[in-house]
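Novice: Could you have a look at this structure, given as structure tokens, before my questions?
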């Protein structure tokens with residue numbers, strides 16, 4: 118199975134965003150509001166990335182976007198419990 122170069126680039130962008138998330142969470146460790154805003158911005162980045170990726174791939178459906186939104190906010194709640202509370 119071959120992976121297209123553009124698909125590889127899309128996932129490289131997502132992975133880079135995740136690395137920045139970890140970096141900024143470590144940088145602002147202990148600051149609740151900053152950590153929340155960093156997590157929220159990553160979730161929004163994740164949803165926008167999913168929209169872009171599926172639009173370019175021509176596989177965008179409303180169910181897919183609802184799934185990405187659900188996963189994003191579940192991820193947000195989980196990380197709030199781990200890093201902020």
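Residue numbers (the working numbering): 118 to 202. For each residue, glycine too, the CB sits at the ideal point set by N, CA and C.
Classify residue 147: buried if its beta carbon has 16 or more other beta carbons within 10 angstroms, exposed otherwise.
Specialist: The residue labelled residue 147 in the question sits at position 30 within the chain shown. Exposed, since its Cβ has fewer than 16 Cβ neighbours within 10 Å.
Novice: Given this structure, state the Cα-to-Cα distance separating residue 199 from residue 155, to the nearest angstrom.
Specialist: As a position in the chain shown, residue 199 is number 82, starting the count at 1. As a position in the chain shown, residue 155 is number 38, starting the count at 1. Each residue's alpha carbon lies about 14 Å from the other.
Novice: Apart from the five residues on each side of it in sequence, which residues of its chain come closer than 7 Å, Cβ to Cβ, to residue 181?
Specialist: Position 64 of the chain shown holds residue 181. Correct list, in chain order: 171.
Novice: Using CA coordinates, which residue listed in 169, 161, 125 is at the minimum distance from residue 188?
Specialist: For the purposes of this step, residue 188 is taken as the residue at position 71 of the chain shown. Nearest option by C-alpha distance: 161.
Novice: Can you tell me whether residue 128 is helix, strand or coil according to DSSP?
Specialist: Here the question's residue 128 lines up with position 11 in the chain shown. Of the three classes helix, strand and coil, the one that applies to residue 128 here is helix, per DSSP.
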